[in-house]
Every structure is written in C-alpha cells, then in structure tokens.
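A.B. asks: Sequence positions in the sequence shown follow our numbering and run 363 to 692.
Quick one: the structure is below, and I'll ask about it shortly.
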Amino acid sequence: MSGRVAVVRGLGGALPEKVVTNEYLSSIMDTSDEWIRRRTGIGERRHSDDSENTSVLATTAAVRALESAGIELGSASSTAVGLLIVATSTPDKVCPATAPKVAANLGLNGIAAFDVSAVCSGFVYALATASWAIGSGAVDSALVIGADTFTRLLDPTDRSTAVIFGDGAGAAYLTAGTRDEPGAILASTLHSDGDGEALIQVPHQGAFFEMQGKEVFTQAVSAMSDSVETVLANVGWAASDVDSLVAHQANLRILNTVASVTGIPESKAEVHLDRVGNTSAASIPLAMTDAGTKGHRSAGDKVILTAFGGGTTWGAVAMTWPEISVVDPH
Ligand code: COA
Numbered sequence: 363m364s365g366r367v368a369v370v371r372g373l374g375g376a377l378p379e380k381v382v383t384n385e386y387l388s389s390i391m392d393t394s395d396e397w398i399r400r401r402t403g404i405g406e407r408r409h410s411d412d413s414e415n416t417s418v419l420a421t422t423a424a425v426r427a428l429e430s431a432g433i434e435l436g437s438a439s440s441t442a443v444g445l446l447i448v449a450t451s452t453p454d455k456v457c458p459a460t461a462p463k464v465a466a467n468l469g470l471n472g473i474a475a476f477d478v479s480a481v482c483s484g485f486v487y488a489l490a491t492a493s494w495a496i497g498s499g500a501v502d503s504a505l506v507i508g509a510d511t512f513t514r515l516l517d518p519t520d521r522s523t524a525v526i527f528g529d530g531a532g533a534a535y536l537t538a539g540t541r542d543e544p545g546a547i548l549a550s551t552l553h554s555d556g557d558g559e560a561l562i563q564v565p566h567q568g569a570f571f572e573m574q575g576k577e578v579f580t581q582a583v584s585a586m587s588d589s590v591e592t593v594l595a596n597v598g599w600a601a602s603d604v605d606s607l608v609a610h611q612a613n614l615r616i617l618n619t620v621a622s623v624t625g626i627p628e629s630k631a632e633v634h635l636d637r638v639g640n641t642s643a644a645s646i647p648l649a650m651t652d653a654g655t656k657g658h659r660s661a662g663d664k665v666i667l668t669a670f671g672g673g674t675t676w677g678a679v680a681m682t683w684p685e686i687s688v689v690d691p692h
C-alpha cells in the first residue's frame with residue numbers, strides 16, 4: 363500500500379444568520395418544542411435568506427477551512443488547492459454546478475471543480491473522492507465542501523420535514539501526507555441503492571422535498587452501522603478505540619442507536635443537531651467544526667464519520683483528528 367494519503371489540515375463552517383426556534387415553528391404549524399426535542403433532539407435551526415445561497419455559504423466555509431490551515435485568501439491560496447468538490451443537492455442553479463462558482467469566488471479559477479449530489483451522504487462521498495485523488499497522486503491538495511439550503515425546498519406546512527432541516531455549509535482542506543500524521547484519512551467505504559430513490563426526493567422541478575421518515579430512520583441506522591463496522595475492520599480498530607463518532611446529524615435517536623449497534627459508547631457521538639438541525643451535506647463538517655471549537659478533541663484522536671442519505675447513499679470514513687484550531691461559525 364502506498365504511504366501517501368490525504369490529511370485534513372483545516373476545517374471551517376458557515377451558518378445563515380436567521381435562527382428558527384421550535385417555539386416559532388409551533389406558532390405556525392401543529393407541533394411543539396416538546397415533541398421536536400423528544401423525537402429528534404433538535405432545538406433550533408438556521409434558514410438562509412436570498413443573500414445566503416449555497417455558493418455563498420460554501421465560500422465562507424471554505425475561506426475558514428483555509429484560514430484554519432494557516433492559508434489566507436490571495437496568492438498563496440491560488441496554488442494551495444488542486445481540486446474543489448462541493449457536495450450539495452441544492453445547487454444555486456439546476457446547471458451549471460456550484461463548485462466552479464465557489465472556486466472563482468476563492469480566486470481559484472482554472473482548478474478542477476465539480477459537485478457531488480448524494481444528499482446527506484454528500485460530504486462523505488466528496489471526502490472519500492478527494493482522498494482517492496490525493497492518494498493516487500493526481501492532485502496534491504483539495505477543498506471538500508458540504509453545503510445545502512434545503513429549507514428553500516420544504517413545504518412550509520409539512521411538520522414532518524419543516525422541523526428537521528436547516529441550512530449551512532462546512533469545509534475541509536486536505537493535502538498529501540502520511541498515515542501517521544494527525545488528520546490522515548485512513549479508510550473509506552461508499553454505497554448506494556437506487557431502488558430506494560423514493561424514500562428521500564424532490565420528485566420534479568418546482569416540487570417540495572418529500573421524505574418517508576420512518577423507513578429512512580430504519581435504513582439509516584442499519585446502513586450507517588454496517589459502514590462503521592466496515593471501516594473499523596479496515597483500520598483494525600475496536601469500537602472501544604473510537605474517540606469520536608461523527609454521524610450525520612439527522613436525529614438524536616439515530617445517532618444513539620448507531621452508537622449502540624456498533625458498540626461505540628453514546629458519549630463518543632458528536633451532537634450538533636440541537637443547534638442546527640439536519641443540514642444535509644453540511645452536517646458532518648459542521649459537527650466536526652463544532653467538536654473542534656468545543657475543544658474536546660485532541661490531535662490524533664480516532665474518528666469515524668458516517669452518513670446515510672437520499673439515493674439512497676451511505677458510507678463511512680476512518681481518520682484521525684487533525685492538529686488545527688477552528689473558528690466557531692455560530
Ligand atoms: N410535531 C408533532 N407531531 C408530529 C410531527 C411534528 N413535527 N411530525 C409528525 N408528527 C406526528 C405524526 O403525525 C404521528 O401522529 P399519529 O400517530 O397521530 O399519526 C406521530 O407524530 C408519529 O409520527 P412518525 O412519523 O411515526 O414520527 P417518528 O417518531 O417516526 O418521527 C421523524 C418522525 C421524521 C422525526 C423520524 O421518522 C425521523 O427522524 N426519521 C429520519 C429522518 C432522517 O433521518 N432524515 C434524513 C436522512 S438523510
């Protein structure tokens with residue numbers, strides 16, 4: 363096996379200004395703070411306005427990830443990024459992709475830039491793809507951004523989705539390094555099953571987002587648990603070795619069940635959804651950014667990322683915690 367791997371050198375997040383509380387949602391639809399907290403663990407979420415579309419949030423998160431790696435925008439950044447991937451299912455436009463726009467916003471015109479559409483699994487898909495590109499030697503560095511503004515696609519009267527989703531973006535900056543460096547991406551596994559496409563979908567242009575919540579819950583637990591076990595086996599870690607489980611922030615009950623099925627203590631599961639809800643492709647990098655700003659992670663900690671999303675798609679990544687400082691996006 364080649365000794366060259368991708369290593370995370372920076373993390374950054376971005377959130378819209380507007381906070382939407384459970385109390386507010388209870389005033390416009392038949393729900394309650396008590397129900398939302400008990401069934402999902404969510405306390406509030408952010409809604410983007412017209413000035414905070416996906417590329418804007420993605421650009422801010424990317425700038426913060428570069429700064430977290432000690433790179434200021436400008437001449438240094440133009441040679442520091444070889445590839446830019448935006449994981450999003452809510453691009454600014456139906457076409458073209460959002461990634462070239464984000465690259466241009468960052469002064470990175472000319473680099474390879476493309477979107478990955480895997481809904482809530484998007485960041486794990488994009489991170490694994492970037493790690494393959496760096497590991498192969500095709501590029502030396504990458505920005506991987508998860509950014510979504512799903513609240514624009516929600517039926518504002520549908521209490522089964524409106525209480526869950528929020529908007530945001532998170533980004534990781536990676537360069538080539540070795541497996542023993544803090545931040546190294548050590549293993550990944552990605553999967554899909556298009557027979558489940560109707561579980562999470564926007565069926566056509568102009569339609570609202572639809573989700574079959576109960577079935578998604580069951581499949582998410584089993585798919586994420588299987589993926590976690592696959593990457594644990596690949597890197598030779600026991601569940602008890604894991605310092606941090608960063609599972610897609612869909613529902614607190616899903617996070618806790620994945621922990622219990624895989625044998626990882628619940629206390630190791632990062633919880634960020636209480637403040638931002640389900641931010642789709644942004645949820646994992648935002649949860650990592652949050653863990654970094656809380657200061658309860660140390661360089662070299664053993665970290666498992668896992669997600670399940672529309673497609674259906676799912677996967678996991680095993681990595682170590684990078685040696686970085688992170689800015690709080692809240
Ligand atoms: N407030 C109050 N009551 C609500 C409600 C809300 N926001 N949403 C649903 N309910 C009601 C339902 O109408 C139902 O009432 P009934 O029993 O009278 O029919 C009851 O609560 C139970 O609904 P159900 O859909 O079975 O709730 P649930 O416990 O499965 O929770 C989700 C619903 C959506 C929170 C849950 O299924 C979930 O989190 N699924 C996974 C979602 C997810 O992870 N999505 C992203 C994956 S990428």
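Glycine residues also receive a C-beta, built at the ideal position from the N, C-alpha and C atoms.
Quick one: is Gly444 buried, meaning 16 or more other Cβ sit within 10 Å of its Cβ, or exposed?
C.D. replies: Classification for Gly444: buried.
A.B. asks: Fully enclosed by the stretch 482–561, which beta strand (DSSP E) runs are 3 residues long or longer?
C.D. replies: 503–510, 530–540, 547–554
A.B. asks: Taking 8 Å as the cut-off, decide whether the C-beta atoms of Leu536 and Val688 are in contact.
C.D. replies: No, the pair does not count as a contact, with Cβ atoms beyond the cut-off.
A.B. asks: What's the call for Arg400, buried or exposed, on a 16-neighbour Cβ count within 10 Å?
C.D. replies: Looking at its Cβ environment, which holds fewer than 16 other Cβ atoms inside 10 Å, Arg400 is exposed.
A.B. asks: Please tell me whether, using a cut-off of 7 Å, the distance from the CB of Thr668 to the nearest non-hydrogen atom of the ligand COA is below it.
C.D. replies: no
A.B. asks: Could you tell me the alpha carbon to alpha carbon distance between Ala643 and Ile390, rounded to whole angstroms?
C.D. replies: 27 Å
A.B. asks: What span of residues does the beta strand (DSSP E) with Phe670 cover, start to end?
C.D. replies: 664–671
A.B. asks: Looking at the unbroken beta strand (DSSP E) that takes in Val597, where does it start and where does it end?
C.D. replies: Here Val597 belongs to no beta strand (DSSP E); instead the alpha helix (DSSP H) covers 575–597.
A.B. asks: For Asp454 and Ala582, what's the separation of their Cα atoms in angstroms?
C.D. replies: 27 Å
A.B. asks: Can you find the residues in the same chain that come closer than 6 Å, C-beta to C-beta, to Gly662, ignoring five residues on each side of it along the sequence?
C.D. replies: Cβ contact annotation for Gly662 (same chain, cutoff 6 Å, sequence separation greater than five): Pro544, Thr682, in chain order.
A.B. asks: For the pair the stretch 506–517 and the stretch 528–535, tell me if three or more CB-CB distances fall below 8 Å.
C.D. replies: yes
A.B. asks: Going straight from the alpha carbon of Thr669 to that of Trp676, what length do you get?
C.D. replies: Note that residue 669 is Ala in the sequence shown, not Thr. Separation of Ala669 and Trp676 (C-alpha to C-alpha, rounded to the nearest whole angstrom) is 5 Å.
A.B. asks: Note down, in chain order, each residue of its chain lying with its Cβ closer than 8 Å to the Cβ of Arg487, except the 5 sequence neighbours on either side.
C.D. replies: Here residue 487 turns out to be Tyr, not Arg, going by the sequence shown. These residues qualify, in order along the chain: Ala449, Val478, Ala480, Leu552, Thr675, Gly677.
A.B. asks: Where do the ends of the alpha helix (DSSP H) carrying Lys656 lie?
C.D. replies: Lys656 -> alpha helix (DSSP H) spans 645–656.
A.B. asks: Using three-state DSSP, classify Asp477 as helix, strand or coil.
C.D. replies: strand
A.B. asks: Does Thr519 pass the burial test, meaning 16 or more other C-beta atoms within 10 Å, or should it be called exposed?
C.D. replies: exposed
A.B. asks: Would you check whether the ligand COA has a heavy atom nearer than 7 Å to the C-beta of Ala461?
C.D. replies: No; taking the cut-off as 7 Å, the Cβ of Ala461 has no heavy atom of the ligand COA nearer than that.
A.B. asks: Is there contact between the stretch 367–381 and the stretch 406–417, where contact requires at least three CB pairs shorter than 8 Å?
C.D. replies: yes
A.B. asks: Count Cβ pairs between the stretch 489–498 and the stretch 557–577 that sit closer than 8 Å; are there 3 or more?
C.D. replies: no
A.B. asks: In whole angstroms, give me the CA-to-CA distance for Val620 and Thr402.
C.D. replies: 14 Å
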